[in-house]
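Numbering (the numbering used here) for the sequence shown: 105 to 482.
Using N, Cα and C, we set each Cβ at its ideal position, and we do this for glycine too.
This structure is a prediction, so every number in the text was calculated from the model and none was measured.
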Amino acid sequence: MEERGMSRDAVESLLEEKKHKDLSYKRVLSSMCTYPHEIAAYAHNMFLESNLGDSGLFPGTKEMETELIRMIGALLGRENVYGYLSTGGTESNIQAIRAIRNRRKRAGLREMNIIVPETAHFSFDKIADILCVDVKKATLDDALRVDVNSVEELIDANTICVVGIAGTTEFGQIDPIKKLSAITQENDLFLHVDAAFGGFVIPFLAEKDRYQFDFALDGVSCVSVDPHKMGMSTIPSGCILFRENSYLDELEVSTPYLTTHGQSSLTGTRSGASTAATFAVFKYLGQEGLRAIVTECMRLTRLLVQGAKAKGIRPEIEPVMNVVTLSMDEVDRVAVALKAKGWEVSTTRKPKALRLVIMPHVTEETVKLFLEDLVDVI
C-alpha cells in the first residue's frame, strides 16, 4: 500500500484497466453464472453496508431473508422450512453435512461416511477434508444419473447421509431423488439434495412433473439452491434449507457480543446486499418471469442440439435442462481451438464431452455463431 493515496480519477482509470482484462459473459458457455438482473444490481448497491451476521442492526434486511426462506421453500414443495442465505453451493453443502455429522457425533458415532454420486460437485472433496468424513462415490447409470443399486451397496453402519444432485454440474442431469428418498427413509439416513443449479430451473420446466426432487418427497431432509445462478441474483447468493429447525440448532454457536446471541451460518459476516438483490429480483420477476427465462434458455438449448445434430455431432445425453454435452473425438483439442476463437467452453470428465451451459446471457445469434465456429474447428 502506498503512503499517499491516488486521485479518484487515477483509481477509476486503474479499475477500468483491470475490468477490461476480465471476460464478459457474451461468449462464455462454460459458466453457471450470468449477468445479474438490473433490479438485483440496484438492490445490491442499496444495501451494501448491511451485515446479516449482526442482523439486529439490520431488521429490514433480516425481514427480506425470512421472507425469502419461505418463498424459496414454497417453490421447493414446503413453505415451512428453515435455513439462511449462504455464499453459494459450497457453503450450503458444507453446512448440510456438518448438521447431520454434528447430530450423529452427539449420538456417539465417531467414524462417519456419506455417499455421493460420481458426478457430485468438487465441494464434497473439501467436505471430506474439513469435516473428516469419508466420502464414498456411487457409480452412474447409462443416463449419467446416480445408480441407486450402487448407493444401496455402499450403505453401512457408519453412513450418515446420501446426496442426490438435481442438475449435475457436468451434464445437467437429475438423479432419481424419489428412489433415494425411499432408500434413506428405509435406512434412517439424512438425504441432502444439491440443487444449486437445478433449483431454479426444474420448477419452471414444461416437464417439471417428471422430476420429483424437493421437499414434496418425505425423505428429503435438506436442499441447497443458488439464486446467483439461474435465479438472476448477484454473487454471492446461495441458500440452504432444512425440513426441520433442529438441524439449524446443530450448527449454532454462541455470539454473546452481537445483537443476536446465536448464529447458525458458516460465515460470521454475511452480505445483506446479495439478500436484498435476491429478494428484489424474485419480487420483480415472480414465477412468471423466472419461467420465461428458463423457457428461453431451453429453446436455445434445443436449437443448439438440433444444429449440432445437423452437422453430425451428437449429444452425450439429450439435455434435461440448459446444459449440453456434445460427444466428439479430440474434445480437448476442440476446446482449445474454440478458445482461440474467443469462446469459453469446458469439458466433462467421464464420459469425455464438450460441455456448454446455455445461460440467460446466451442469445440465438450466439448459438448460430458458436455452431459455425464449432464446425470450423472440427
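Taking the C-alpha atoms as reference points, what is the distance between Leu-248 and Gly-366? The straight-line gap from Cα to Cα measures roughly 42 Å.
Does the segment 105-123 come close enough to the segment 438-451 that 3 or more CB-CB pairs lie under 8 Å? Touching, no, given that fewer than three Cβ pairs across the two stretches are closer than 8 Å.
What residue does the alpha helix (DSSP H) around Pro-163 start on, and which one ends it? Looking at the DSSP string, the run of the alpha helix (DSSP H) that includes Pro-163 is 163-179.
Quick check on DSSP: helix, strand or coil for Glu-257? Correct three-state label for Glu-257: helix.
Please go through the same chain and pick out, in chain order, the residues whose beta-carbon is closer than 6 Å to the beta-carbon of Glu-354, but skip the five residues on each side of it. Excluding residues within five positions, the ones whose Cβ falls inside 6 Å are Ala-203, Asn-206 and Arg-207.
Whole-angstrom distance between Ile-231 and Arg-459, CA atom to CA atom: Taking the straight line joining both Cα atoms gives about 25 Å.
How big is the Cα-Cα spacing for Val-424 and Ile-278? In a straight line, the C-alpha of Val-424 is about 8 Å away from that of Ile-278.
Could you name each continuous beta strand (DSSP E) segment of 3 residues or more that falls completely within the segment 186-274, going from the start of the chain to the end? Runs found: 186-190, 217-221, 238-242 and 263-269.
Counting Cβ pairs closer than 8 Å, one from the segment 175-192 and one from the segment 336-343, do we hit at least three? Output reads yes: the segment 336-343 touches the segment 175-192.
Please report the residue range of the beta strand (DSSP E) in which Ser-431 lies. Its beta strand (DSSP E) spans residues 427-431.
Alpha-carbon spacing of Gly-411 relative to Pro-140, whole angstroms: Taking the Cα positions, Gly-411 is about 28 Å away from Pro-140.
Where Thr-288 falls: helix, strand or coil (DSSP): Correct three-state label for Thr-288: helix.
Whole angstroms is fine: what's the gap from Lys-456's alpha carbon to Leu-370's? The alpha-carbon of Lys-456 is positioned some 35 Å away from that of Leu-370.
Return no unless some Cβ of chain B is closer than 8 Å to the Cβ of Thr-379. The structure shown has no chain B; it contains just one protein chain.
Counting pairs of beta carbons, one from the segment 264-283 and one from the segment 300-308, are three or more of them closer than 8 Å? Verdict: yes, contact present.
Quick one, are the C-beta atoms of Leu-172 and Thr-364 less than 8 Å apart? Cβ atoms of Leu-172 and Thr-364: not closer than 8 Å.
Between which residues of its own chain and Ile-462 is the CB-CB distance below 6 Å, once the five residues before and five after are set aside? Counting only Cβ-Cβ distances below 6 Å, and skipping sequence neighbours, we find Cys-401, Leu-404, Thr-405 and Asn-426.
Measure the C-alpha to C-alpha separation of Asn-349 and Ser-117 and round it to an integer number of angstroms. Rounded to the nearest angstrom, the gap between the Cα atoms of Asn-349 and Ser-117 is 49 Å.
Could you tell me the boundaries of the beta strand (DSSP E) in which Ile-344 lies? Ile-344: member of the beta strand (DSSP E) spanning 342-346, first to last residue.
Decide yes or no for the touch test of the segment 301-319 against the segment 181-188: beta carbon pairs closer than 8 Å, at least 3 of them. Between the segment 301-319 and the segment 181-188 there are three or more C-beta pairs closer than 8 Å, enough to call the two in contact.
Helix, strand or coil: which one does DSSP assign to Asp-279? In the structure shown, the three-state DSSP call for Asp-279 is coil.
Close Cβ partners of Ile-397 (< 6 Å) along its chain, the five nearest in sequence each way excluded: Pro-464.
Inspect the beta-carbon positions of Lys-240 and Asn-262 and report whether they are closer than 8 Å. Not in contact: Lys-240 and Asn-262 (Cβ atoms no closer than 8 Å).
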